[in-house]
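**Student:** Take this structure first; my questions come after.
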Amino acid sequence: MSVLESHRVETPHGPLHLGAQRVAKPLGQVLYLHGATFPTALSVFFRFDGRSWADALNEAGFSLWGLDLPGFGASRSALPPGDRPGSRAEELVPHLLAAIEKVRQSDPGVPLALISHSWGTIVAGKAIQKAQAAVRALVLFGPIVQRQMPLPPNKLPRDRLLSVWEQYRRFIEDVPRGQGAVLLDRHMQRWSEAYLATDPEAVGREPPAVRVPTGPLVDIADTWRGTAPYDASALTLPCLVVRGEWDSLCTDADAQRLLGALRNGRDHKIARGTHLMHLEESRTALHEVTNRFLLEHLA
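Just so you know, the numbering used here puts 257 at position 257 of the sequence shown, and the rest follows in order with no gaps.
Here it is as structure tokens:
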């Protein structure tokens, strides 16, 4: 099992945490970008029954890097001050570009791919438009796609509190009635404890809750109101859209609109998966589909 390393990406408001779980002589390097509510330690690096997504990528021959964006996880102190929603995607593009360059310099000549989840696909799409020569392939896991929804304007503060119960509700709300649990209770207990540990003040709140930036909510709402988050037709690299069959944030219609814009995209829908499939029983299928795509384009 590879050792988890800690690296830094410098920003004007403090360093961002860049975790790495590397292998000797990798076939490729993979940089993971998390979603809107929890960092890399709770997603790509979190082990279920002793095995994480990072482990699966290592086993396929890839070195895995994971970037915590400002206000999340080990980068929580890098959120700029003020009262505007924190961590807007456009503001994060330079940070992701710096992380891409740092990963490339760590092992020159080894091809690089990005895996992005949910809101992270917005950040990735914006950044890759400026760095297509640096990235060989892109995985869009549960991407947020432009819709035309009459959402009311919503003025948000810099950050918000998100409890374990609110997270759990997200994990179960898309599972059809009568279907078995997709996230086992024993996994949820461990994950919840690790989630609260990402914020030193979390357990002192009632109910216990983690402070997270609101910028991702604004980006998602803008996208659903009809503002394209990035020009998908400008992306020429191979793209994999991968999603769960019960994902209400990336529906069949959403996926088809995105695939219609991408020049080199393919779609894969995984049974019994929701928007948080990387934490669920279908996660091994997600690992396998992603590995096949990366092996095709990096090896």
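Glycine included, each C-beta is placed from N, C-alpha and C at the ideal position.
For clarity, every value in this text was computed on a predicted model and none was experimentally measured.
In the DSSP assignment, the beta strand (DSSP E) including D252 goes from what residue to what residue?
**Tutor:** Element bounds for D252: not the beta strand (DSSP E) but the alpha helix (DSSP H), 252-261.
**Student:** Just how far apart, CA to CA, sit A261 and S248?
**Tutor:** Roughly 20 Å separates the two Cα atoms.
**Student:** Please confirm whether S63 and R22 have their CB atoms less than 8 Å apart.
**Tutor:** Going by C-beta atoms, S63 is nearer than 8 Å to R22.
**Student:** So, A137 versus L298, is the Cβ gap smaller than 8 Å?
**Tutor:** Yes, the Cβ-Cβ distance between A137 and L298 is below 8 Å.
**Student:** Starting from V164, trace the alpha helix (DSSP H) in both directions and tell me its first and last residue.
**Tutor:** Residues 164-172.
**Student:** Among the candidates K25, G14, R47, T11, whose CA atom is the shortest distance from the CA of H278?
**Tutor:** H278 has its Cα closest to that of R47, out of K25, G14, R47, T11.
**Student:** Go ahead and pull the three-state DSSP assignment for E91.
**Tutor:** Looking at E91 - three-state DSSP - the assignment turns out to be helix.
**Student:** Between the stretch 1-16 and the stretch 139-155, do at least 3 Cβ pairs fall closer than 8 Å?
**Tutor:** Verdict: no, contact absent.
**Student:** Quick check: the Cα distance between D68 and L161, rounded to an integer number of angstroms?
**Tutor:** Rounded to whole angstroms, D68 to L161 spans 18 Å at the Cα level.
**Student:** Would you say A133 touches the ligand COA, meaning its beta carbon is less than 7 Å from a heavy atom?
**Tutor:** No copy of the ligand COA appears in this structure; indeed no ligand is present at all.
**Student:** Please list the terminal residues of the continuous alpha helix (DSSP H) segment that includes Q21.
**Tutor:** No alpha helix (DSSP H) contains Q21, which is instead part of the beta strand (DSSP E) from 16-21.
**Student:** Starting from the Cα of L217, find the closest Cα among P157, Y195, S75, K269 and give me that residue.
**Tutor:** The shortest C-alpha separation from L217 is found at P157.
**Student:** Given that a residue counts as buried once 16 or more other Cβ atoms are within 10 Å of its Cβ, and exposed if not, what is A181?
**Tutor:** So A181 ends up on the exposed side.
**Student:** Work out the CA separation of V164 and E206 for me, nearest whole Å.
**Tutor:** In a straight line, the C-alpha of E206 is about 11 Å away from that of V164.
**Student:** At which residues does the alpha helix (DSSP H) containing F293 begin and terminate?
**Tutor:** Element bounds for F293: 283-298.
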